[in-house]
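S.K.: Everything in the sequence shown is counted per this note's numbering, starting at 2 for the first residue and increasing by one.
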Amino acid sequence: MLTRRHVIASALAAPAILRMGIGTAHAATTLKISHQFPGGTIDKGDFRDRLCRMFAAEIAKRSGGELAAEVYPNSSLIKTNAQFSAMRKGALDLSLYPMPYAGGELPETNIGLMPGLVTTYDQGLRWKKEPVGKALSDFLADKGILLISWVWQAGGVASRSKAIVAPEDAKGLKVRGGSREMDMVLQTAGAAVLSVPSNELYAAMQTGACDAGITSSTSLISFRLEEVAKSLTSGAGASYWFMLEPLMMSKAIFDKLPKNQQDIILAVGTELEAFGRKGAQDDDVEVTKVYEKAGAKVSVLDAAIVGKWRDIARDTAWKDYGAKTATSANLLKLASDVAA
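(1) So what's V72 in DSSP terms, helix, strand or just coil?
(2) Report the option in G179, A87, A57, M183 whose CA atom is closest to the CA atom of T42.
(3) Report, in whole angstroms, the separation of the C-beta atoms of E59 and N111, which I expect to be a contact under 8 Å.
(4) Mapping the DSSP letters down to three states, classify V119 as helix, strand or coil.
(5) Can you tell me whether DSSP reads Q154 as helix, strand or coil?
(6) Taking the alpha-carbon positions, what's the A26 to Y73 distance?
(7) Buried or exposed for T30, please, with buried defined as at least 16 other CB atoms from any protein chain shown within 10 angstroms of its CB.
(8) Let's test the definition: count the other Cβ atoms within 10 Å of the Cβ of P259 and tell me whether it reaches 16, buried, or not, exposed.
(9) I need the DSSP call for L174, collapsed to helix, strand or coil.
(10) So, is G156 buried or exposed, given that buried needs 16 or more other C-beta atoms within 10 angstroms?
(11) Hey, could you find the ends of the alpha helix (DSSP H) S138 is sitting in?
(12) Can you tell me where the alpha helix (DSSP H) with A314 in it begins and where it stops?
(13) Once you ignore the five residues that flank E274 on each side, which residues in its own chain have a CB closer than 6 Å to its CB?
(14) What's the C-alpha gap between A28 and L333?
(15) What's the C-alpha gap between K144 and A87?
(16) In this structure, how does DSSP classify F38 when only helix, strand and coil are distinguished?
(17) From F255 to S240, what does the alpha carbon distance come to, in whole angstroms?
(18) What residue does the alpha helix (DSSP H) around T208 start on, and which one ends it?
(19) Check whether the Cβ of D170 lies closer than 7 Å to any heavy atom of the ligand MG, and answer yes or no.
(20) May I ask you to report which of helix, strand or coil DSSP gives A213?
(21) Verify whether the separation of the beta carbon atoms of D94 and L32 is less than 8 Å.
(22) Excluding the 5 residues flanking R127 on each side, which residues of the same chain have their C-beta closer than 6 Å to its C-beta?
(23) Compute the beta-carbon to beta-carbon distance between T234 and V166, rounded to the nearest angstrom, for a pair I have assumed lies under 8 Å.
(24) With distances taken from CA atoms, which of S35, P247, A190, V299 is nearest F276?
(25) Could you compute how far the alpha carbon of L245 sits from the alpha carbon of H36?
(26) Report the partner residues of W251 according to the DSSP bridge assignment.
(27) Take Y203 and list the residues in its own chain whose beta-carbon comes closer than 7 Å to its own, dropping the five residues that flank it on each side.
(28) Mind the definition here: the segment 259 to 268 touches the segment 102 to 121 only if three or more C-beta pairs lie below 8 Å; say whether that holds.
(29) Around the Cβ of A213, are there at least 16 other Cβ atoms within 10 angstroms (buried) or fewer (exposed)?
(30) Quick check: the Cα distance between A103 and L221, rounded to an integer number of angstroms?
(31) Buried or exposed for G296, going by 16 or more other Cβ atoms inside 10 Å?
(32) Out of curiosity, what's the CA-to-CA distance linking T219 and A281?
(33) Counting only the same chain and skipping the five closest in sequence on each side, list residues whose C-beta sits under 8 Å from that of V307.
So, in structure tokens, the structure goes:
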């Protein structure tokens, strides 16, 4: 099992490995990992960036330097929305990527942010071992993508004015939902919607182009939205917004690696899922502290309110998604079978 001691030991050696491989004996295979989130270190910063750095350090250690990886935060290597397509083409090796961002290319991926479908971390993380996980993994593999680390994140709402708790609170506001399906729910509730990646939310809210943004607790913190928000609705206790945000890999790149290196990548990816869950849940708690300190009013959700959002979603987003393709219909059915 991956422990903090092992990761730190790997990290100390990693910079030399990432730059030089293992010298003249064998050239290292250097993988590029891109993501949209702020960069930090293996010990500090956005847990999604940290997960990528831990992954890089550990695969270098376990492969004896035959594998190496470089992490490119802030979409500094490839623009946010282009990362998924780049992996499918073999032009990018890995990305920690919000799955529904790929919805314009593959509408089936919007299952990764279907409002009200996943309501707990336990439920979401069970997908991997349930039929829905196999069906989703098989579908993505056929499209050139492998899921390396399954990461789920609960979300909340940062608002420039009043809190958005119940659906009726969204009426008349311009809201970023995070997926086509979430946008459908918001529109049914009377909101106008804005489609931007979370790393563009600050500017949209600062200029008034967006009144409120729904995103993960980690992004609510990392993108400093408390600076432009007066209200926060926390998803710590209950949430209708859970996003699948896994570490993904290009299947074309993976398939070219020798089996021992493939095994290392899959093993490390699986072991880091516990870190991903803890990071997400820690930020669900931390986000309230950050926003209260900034002077924002913090509201919470309960099961009854989550149920209101789910009822709207069932009648709009779920039906629309299920009618898209046979794969969508099957994924929705299988996901619905996984109890909360």
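Just so you know, even glycine gets a beta-carbon here, dropped at the ideal spot from N, CA and C.
M.R.: From the atom records:
(1) strand
(2) A57
(3) 31 Å between Cβ atoms; not a contact.
(4) coil
(5) strand
(6) Residue placement at A26 cannot be trusted, given a pLDDT of 46 that sits under 50; what the coordinates show is reported in the next sentence. Straight-line Cα distance between these residues: approximately 27 Å.
(7) buried
(8) exposed
(9) coil
(10) buried
(11) 132 to 143
(12) 304 to 314
(13) S150, W151
(14) 45 Å
(15) 12 Å
(16) coil
(17) 35 Å
(18) 202 to 208
(19) The ligand MG is absent from the structure shown, which contains no ligands of any kind.
(20) strand
(21) yes
(22) V339
(23) 5 Å
(24) P247
(25) 14 Å
(26) It is worth fixing the name first, because residue 251 is Ser in this sequence and not Trp. DSSP, once it has assigned bridges, lists I146 as partnering S251.
(27) F224, R225, L226, V229
(28) no
(29) buried
(30) 21 Å
(31) exposed
(32) 7 Å
(33) G117, T120, A239, S240, Y241
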